[in-house]
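One structure is given below, encoded as structure tokens.
Residue numbers (full-length UniProt numbering): 1 to 268.
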């Protein structure tokens, strides 16, 4: 599709969307869209030249390329608007991190500036309701209350966890938080160390679907904001990213965890 056709899609999207629902005559288009006859005449001419609509006995109909182009343009606009709406949170991390338009489109944004600090943690804890499996790519220590909620569910046997940590986070756990490592080991969380980007990803699996959460942190490790999405496209993006990172990560087995905890205890 050339630039002129793209311009026509942009300017005449309302015609394409209307004709996607049913064939319409010129008179019906004028009535439905409240344009003047001359405007409708120009729109019909432009759309026909671009191959986006055809004239049939029953009226004007959208072509396959017209329908798909309208869908894609509408998706682009919605994704761009949703991304821009979240830029106050997202633009605090590097531009080259692998966040995707599929995450932003239709996402709900929870901002630390909008609520009391504890409310974001409440939201994270509540989001574990009904979860059977939690997969994470983690670049920062979890809030203690959220970690406790995860541990409690693991102890009850209702939740399993697979988590990939950054090397620096793993070192911080070994050097400064041996009690956290011991809890991780005791409840059977699967831990590996790999190339995690500058955000934390949660994939919360339930019997009825998966929720994607992206946590963006401040320089001090507190939560700046959370993007949440349950769309098929967002889940596909999250699954692909987790699979790619986890497959290249180095697993931390039981003995390694045990040695880390024991070594820290011996130093004390």
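A virtual CB, placed ideally from N, CA and C, is assigned to each residue, including glycine. Computed from a predicted model, the values in this text were never measured in an experiment.
Check: According to DSSP, residues forming a beta bridge with residue 209; Outcome: 206
Check: Close-in-space but distant-in-sequence residues of the same chain around residue 268 (CB under 8 angstroms, 5 per side omitted); Outcome: At residue 268, the pLDDT of 49 sits below 50, so the modelled position is not reliable; the number obtained from the coordinates is stated separately. Cβ within range, chain order: n/a, list empty.
Check: Alpha-carbon spacing of residue 173 relative to residue 220, whole angstroms; Outcome: 16 angstroms
Check: Buried versus exposed, by CB contacts within 10 Å (16 or more), residue 171; Outcome: exposed
Check: Complete alpha helix (DSSP H) runs within the region 149-186 (minimum length 4 residues, chain order); Outcome: 167-176, 178-186
Check: Three CB pairs or more closer than 8 angstroms across the region 197-217 and the region 131-145; Outcome: yes
Check: Residue 73 to residue 129 span [Cα, whole Å]; Outcome: 37 angstroms
Check: Cβ neighbours of residue 56 in the same chain (closer than 8 angstroms, five flanking residues each side left out); Outcome: 23
Check: Proximity below 9 angstroms, CB of residue 234 to CB of residue 102; Outcome: yes
Check: Delimiting residues of the alpha helix (DSSP H) encompassing residue 71; Outcome: 64-85
Check: Status (buried if at least 16 other CB within 10 Å, exposed otherwise) for residue 94; Outcome: exposed
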